[in-house]
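A short write-up of the structure that comes next.
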Amino acid sequence: MTEGNSLESSGTGKLVTQDLSAYYGAKRAIESVNISFPDKSVTAIIGPSGCGKSTLIRCLNRIHETTPKTRVEGHVLLDGQDIYEQDAVSVRRRVGMVFQKPNPFPTMSIYDNVAAGLRLNGLRDRKEIDRRIIQSLKGAALWDEVKEILDQPGIRLSGGQQQRLCIARALAVEPEVILMDEPASALDPIATAKIEDLVFDLKKQYAVIIVTHNMQQAARVADQTAFMYLGKLIEFNDTKEIFERPREKLTESYITGRFG
Amino acid sequence: MPQMAERKALSEGLQHLNENMVTMAELSELAIRTAVATLDLPGVEAKPPAAATPSDVFTLDQEIYGLKQQVEEECVNLIALHAPVARDLRTITSSLEVTTHLDRIGRYAKDIAEASERIRVGVSGNTPTFQKVAKMVDLTIDMVDTSVQAFVHRDAEPVRNILKADDAVDHLHAEVFQEVVDRMSDRSVTPQVGAQFILINRYLERIADHGVNIGEQVVYMLTGERPPRVKHSPASAV
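From first to last, the protein sequence lines stand for chains A and B. Note that this note's numbering gives residue 86 to position 86 of the first sequence, counting from 1, and the numbers run on in steps of one. Note that this note's numbering gives residue 27 to position 27 of the second sequence, counting from 1, and the numbers run on in steps of one.
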């Protein structure tokens with residue numbers, strides 16, 4: 001950690017990394033990252049392409065290791081317990097993820113898209129599935145738009161609706177942490193605004209961690225912002241501090257756009 | 001350090017804003033000096049032409065106000081179009097703040113010039129001398145100049161001691177007030193003239209306060225920190 005990080009990795013966050021490094025083959029993508037993500041709060045991770053921000057969040061639900069020849073060092077504590085000492089599948093149920101491009105299951109209906117995770121987790125009770133689907137679609141601010149067409153294919157929805165469908169799918173398994181990797185970068189401004197409003201609501205219940213290229217988006221939605229560069233965490237602080245008076249010269253250069 | 005991009009449009013906008021700010025600051029200082037010169041006070045070195053008239057000050061005040069409006073528009077445009085952050089943002093919001101103080105300084109200069117006109121009308125022969133008003137003028141102009149230079153040169157160091165200078169101005173303000181009251185009491189100055197000097201004294205004290213505010217804003221602009229305001233001593237209840 002450098003001086004610029006006034007939010008210490010105190011170990012009190014919902015999700016805490018300790019000396020976390022990640023590799024693709026011999027190449028180290030992130031280096032000894034110590035960061036503590038608070039519960040019921042949105043943390044944005046910003047930084048130029050290739051800085052390691054996506055790799056970082058892919059380590060937080062053990063998706064990184066699903067790519068061949070990758071490796072992780074250090075620890076990731078979820079409620080104080082190292083996720084790398086737990087079953088990866090159950091970790092991913094507790095730490096959900098939404099990707100850059102909406103990826104609904106192409107042949108499934110809207111209903112089945114949201115139900116998929118529940119069924120994979122062994123839920124068979126139809127009433128309970130119905131209840132969770134309604135709750136998730138409402139939670140993803142999509143219910144009103146799809147309640148009459150639940151049996152239609154998910155891919156018929158607009159891009160923004162598809163992304164909210166994927167968020168509903170992530171919410172259905174009742175996770176504790178939601179990771180979002182550029183969730184609005186493929187969407188138009190109106191769909192983006194809907195996702196941002198949704199993120200704002202989600203933090204009442206979850207720890208939300210969002211990777212974004214869009215600095216204004218980070219400024220709008222995040223309570224804390226982390227700036228990464230060349231695989232290192234350069235600065236981590238309250239968002240308003242980062243955008244009003246960053247401590248590190250590198251952060252200042254990046255957020256003012258005088259960089260690269 | 002990675003290679004820097006320039007963000008040309010924003011950089012040019014900020015540069016133009018700065019040029020207007022510097023001009024506005026220079027005109028505000030000139031307005032004070034010209035206003036003071038119209039008083040023709042012994043012991044005060046009038047930097048502008050000795051033949052300065054109140055109407056010169058009125059013209060300057062108009063000019064300052066025009067620049068203020070221009071600066072405000074530029075700032076709003078820069079915020080709307082470029083979503084500035086960090087130091088860029090602080091520079092723009094500080095310029096907005098400083099421009100208001102400079103405008104107020106211009107307005108007080110105008111008030112002094114108007115008082116000066118009223119004194120000329122009411123006085124036959126020489127203007128009465130108040131030694132301490134001259135000192136008040138010097139200190140006030142010094143304070144504004146310090147803050148303005150700090151803004152222009154982007155150096156917060158010179159304004160670190162500005163609160164002490166403001167204390168000195170506050171004390172002088174009380175002393176001048178007393179001096180004018182005494183001179184009115186012993187009838188060496190008419191109430192008409194004395195009242196004008198009490199006003200001028202007050203205007204100078206207000207100008208010094210705006211100088212302090214500009215200085216504080218410069219510190220914020222450059223460092224992101226808001227310096228705590230410590231009042232050194234209570235000024236007398238004038």
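Backbone N, C-alpha and C fix where the C-beta goes; we use that ideal spot for every residue, glycine too.
query, result
"Hey, would you say I234 of chain A sits closer than 8 Å to A222 of chain A, going by beta carbons?", "no"
"Could one say the Cβ of E244 of chain A lies closer than 8 Å to chain B's Cβ atoms, at least one of them?", "yes"
"Is the CB of E252 of chain A under 8 Å away from at least one CB in chain B?", "yes"
"Helix, strand or coil for A207 of chain A? Go by DSSP, reduced to three states.", "strand"
"Find out if the Cβ-Cβ distance for the pair L150 of chain A, S109 of chain A is shorter than 8 Å.", "yes"
"When the Cα of P183 of chain A is compared with those of A:G47, A:A226, A:N103, A:E176, which residue comes out closest?", "A:N103"
"Looking at A156 of chain B and T223 of chain B, is the spacing between their C-beta atoms short of 8 Å?", "yes"
"Kindly indicate which residue of A:K69, A:F37, A:I190 has the alpha-carbon position closest to the one of K27 of chain A.", "A:K69"
"Could you please tell me which residues of the region 69-85 of chain B, in chain order, have their CB closer than 9 Å to any CB of chain A?", "H82, A83, P84, V85"
"List the residues of chain A whose Cβ lies closer than 7 Å to the Cβ of D88 of chain B, in chain order.", "T256"
"Can you give me the Cβ contacts of K203 of chain A inside the same chain, cut-off strictly under 8 Å, excluding the 5 residues immediately before and after it?", "K40, S41, V42, D223"
"Do you know how far the Cα of V181 of chain B is from the Cα of A235 of chain B?", "Because the pLDDT at A235 of chain B is just 49, under 50, the model does not fix this residue reliably, and the point stays unresolved."
"Whole angstroms are fine: how far does the CA of S11 of chain B sit from the CA of T2 of chain A?", "Its pLDDT being 45, under 50, T2 of chain A is placed unreliably by the model, and nothing is read from it."
"What's the C-alpha gap between V114 of chain A and S185 of chain A?", "22 Å"
"Using a threshold of 8 Å, state whether the C-beta atoms of I162 of chain B and G215 of chain B are closer than that.", "yes"
"Would you check if the region 174-183 of chain A and the region 140-148 of chain A touch, i.e. whether three or more CB-CB distances between them fall below 8 Å?", "no"
"Give the single residue among A:G257, A:I46, A:V98 whose Cα lies nearest to the Cα of P175 of chain A.", "A:V98"
"Judging by CA-CA distance, which residue of B:S28, B:A83, B:V133 is the nearest neighbour of E63 of chain B?", "B:S28"
"Less than 8 Å separating the beta-carbons of Q217 of chain A and E196 of chain A?", "yes"
"Please report the distance separating the alpha-carbon of V169 of chain B from that of A208 of chain B.", "7 Å"
"Find the residues of chain A that neighbour G224 of chain B, judging by a C-beta separation of less than 7 Å, and give them in chain order.", "E244, R245"
"Check the Cβ-Cβ distances between Q224 of chain A and every residue of chain B, and say whether any is below 8 Å.", "no"
"Can you tell me which of the three DSSP states A25 of chain B falls into?", "helix"
"Tell me whether S158 of chain A sits in a helix, a strand or coil according to DSSP, three-state version.", "coil"
"Between the Cα of V137 of chain B and those of B:M21, B:A150, B:Y108, B:R154, spot the shortest distance and give me the residue it belongs to.", "B:Y108"
"Can L41 of chain B and V148 of chain B be called in contact, C-beta distance under 8 Å?", "no"
"Mapping the DSSP letters down to three states, classify L198 of chain A as helix, strand or coil.", "helix"
"Kindly say whether Q216 of chain A, judged by its beta-carbon, lies nearer than 8 Å to any beta-carbon of chain B.", "yes"
"Counting only beta-carbon atoms, is R154 of chain B nearer than 8 Å to chain A?", "no"
"Rounded to whole angstroms, what's the CA-CA distance from L199 of chain B to P246 of chain A? Just pull it up for me.", "45 Å"
"Starting from E72 of chain B, follow the alpha helix (DSSP H) in both directions and report where the run begins and ends.", "54-82"
"Residues of the region 153-172 of chain B in Cβ contact with chain E at a cutoff of 8 Å, in chain order, please.", "Of the protein chains in this structure, namely A and B, none is chain E."
"Following the continuous beta strand (DSSP E) through G257 of chain A, name the residue where it begins and the one where it ends.", "No beta strand (DSSP E) contains G257 of chain A, which DSSP labels as neither H nor E."
"Could you have a look at F151 of chain B and say whether DSSP puts it in helix, strand or coil?", "helix"
"If you draw a straight line from the C-alpha of V146 of chain A to the C-alpha of L14 of chain B, how long is it?", "48 Å"
"Would you check if there are 3 or more beta carbon pairs closer than 8 Å linking the region 65-83 of chain A to the region 14-34 of chain A?", "yes"
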